[in-house]
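Since the structure comes first, as structure tokens, the remarks are kept for the end.
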Amino acid sequence: MIAFQGLSKSYGGFDAVKPLSLTVPRGEVFGFLGPNGAGKTTTIRMLMGILVPSAGRVLVNGLDCHADAAEVKRHVGYLPDTPIFYDYLRGREILQFVAEMHGYSRSEAAARAHRLLRELALEDVTEEFAVNYSLGMKKKLGLACALVHDPKVLVLDEPINGLDPRAARDVQERLTAAAAQGTTIFVSTHLLDMAERMCSRVGIIHRGALVASGTVDELRSAACADGSLEEVFLKITDEAGERA
Ligand SMILES: Nc1ncnc2c1ncn2[C@@H]1O[C@H](COP(=O)(O)OP(=O)(O)OP(=O)(O)O)[C@@H](O)[C@H]1O
Numbered sequence: 004m005i006a007f008q009g010l011s012k013s014y015g016g017f018d019a020v021k022p023l024s025l026t027v028p029r030g031e032v033f034g035f036l037g038p039n040g041a042g043k044t045t046t047i048r049m050l051m052g053i054l055v056p057s058a059g060r061v062l063v064n065g066l067d068c069h070a071d072a073a074e075v076k077r078h079v080g081y082l083p084d085t086p087i088f089y090d091y092l093r094g095r096e097i098l099q100f101v102a103e104m105h106g107y108s109r110s111e112a113a114a115r116a117h118r119l120l121r122e123l124a125l126e127d128v129t130e131e132f133a134v135n136y137s138l139g140m141k142k143k144l145g146l147a148c149a150l151v152h153d154p155k156v157l158v159l160d161e162p163i164n165g166l167d168p169r170a171a172r173d174v175q176e177r178l179t180a181a182a183a184q185g186t187t188i189f190v191s192t193h194l195l196d197m198a199e200r201m202c203s204r205v206g207i208i209h210r211g212a213l214v215a216s217g218t219v220d221e222l223r224s225a226a227c228a229d230g231s232l233e234e235v236f237l238k239i240t241d242e243a244g245e246r247a
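As structure tokens, then:
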């Protein structure tokens with residue numbers, strides 16, 4: 004479970020994330036949507052213990068993401084927007100290294116790496132250096148790194164950006180299967196059709212403030228919009244912009 008409790012971040016006088024309170028229960032896929040610069044990555048970085056909150060806190064399974072950052076990493080798999088790897092390691096070596104860092108024996112780490120590389124259709128490039136990977140391959144390798152320790156919580160920043168349609172579908176199916184087994188998923192995305200397909204609930208952040216949250220149907224009714232999540236999103240963010 005993820006619990007945001009009045010979490011905020013300011014830079015000087017600028018509120019990048021205004022006090023955010025939100026609970027994402029176990030097994031839920033929560034879509035975090037918002038225009039460019041809305042505060043999604045800042046929120047995720049606080050969730051991952053990379054940024055220190057200005058106020059409030061965020062808990063993962065009861066652990067404080069800032070105070071207990073190391074322990075939180077045992078529970079969480081994180082895919083950054085732009086995954087960065089040791090370029091001169093091969094895909095297989097990177098994944099194996101991450102698995103060993105999580106405490107698995109060399110043989111167990113190798114088995115996990117092998118299984119995930121196959122599942123994510125990277126088996127043909129396991130022995131290539133990550134520096135030569137395409138953006139989509141890097142994203143999939145990053146996702147494999149996030150999944151390698153079977154985390155109870157996944158935090159994903161734009162997981163299918165840069166993936167071709169087949170890869171995007173494979174990744175969505177992999178994530179839906181993880182959620183069905185009880186994994187909690189917090190996913191930031193611009194891809195509203197993906198959010199509509201995958202997420203049990205979504206939240207819309209605009210200029211640092213959570214301006215709406217609920218199921219897509221609930222947001223549709225609240226926004227008095229009949230159409231797609233895209234229309235709901237545009238209506239809610241337009242209205243929030245007019246109020247600001
Ligand atoms: N270190 C910083 N100092 C000052 N302002 C910052 C800093 N980091 C982020 N911001 C500002 O905070 C706001 C939120 O940025 P953030 O990267 O969280 O947005 P985002 O929703 O992830 O956007 P995008 O969808 O474009 O990636 C932006 O206005 C950004 O310019």
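Numbered per the numbering used here, the sequence shown finishes at 247, counting up by one with no gaps. Every residue gets a Cβ at the ideal spot worked out from N, C-alpha and C, and that includes glycine.
Span of the alpha helix (DSSP H) around residue 100: Position 97 of the sequence shown, counting from 1, holds the residue named residue 100. Unbroken alpha helix (DSSP H) run through residue 100: 94-104.
Beta-carbon proximity check, residue 30 vs residue 185, cutoff 8 Å: Translated into the one-based positions of the sequence shown, residue 30 becomes position 27. Translated into the one-based positions of the sequence shown, residue 185 becomes position 182. In this structure, residue 30 lies near residue 185, with their beta-carbon atoms less than 8 Å apart.
Proximal residues to residue 233 (C-beta, below 6 Å), its chain only, five neighbours per side dropped: By one-based count along the sequence shown, residue 233 stands at place 230. For residue 233, where only same-chain residues beyond five positions count, the Cβ hits under 6 Å are 195.
Best match in 38, 113, 97, 236 for proximity to residue 132 [C-alpha to C-alpha]: Position 129 of the sequence shown, counting from 1, holds the residue named residue 132. If we check each option's Cα against that of residue 132, 97 comes out closest.
Beta strand (DSSP E) runs contained entirely in the segment 80-168, provided each spans 3 or more residues: 156-160
Where the alpha helix (DSSP H) through residue 47 begins and ends: Position 44 of the sequence shown, counted from the start, is the residue given in the question as residue 47. Its alpha helix (DSSP H) spans residues 43-50.
Residue 187 versus residue 33 - alpha carbon distance: Position 184 of the sequence shown, counting from 1, holds the residue named residue 187. Position 30 of the sequence shown, counting from 1, holds the residue named residue 33. Distance between the alpha carbons of residue 187 and residue 33 is about 8 Å.
Buried versus exposed, by CB contacts within 10 Å (16 or more), residue 91: Numbered from its first residue, the sequence shown carries residue 91 at position 88. Within 10 angstroms of the beta-carbon of residue 91 lie fewer than 16 other beta-carbons, which makes it exposed.
Candidates 158, 216, 230: closest to residue 81 by CA position: Position 78 of the sequence shown, counted from the first residue, corresponds to residue 81. Per the Cα distances, 158.
Residue 58: CB within 7 Å of a non-hydrogen atom of ligand 1: Locating residue 58 in the sequence shown gives position 55, counting from the first residue. No, since every heavy atom of ligand 1 falls outside the 7 Å radius drawn around the Cβ of residue 58.
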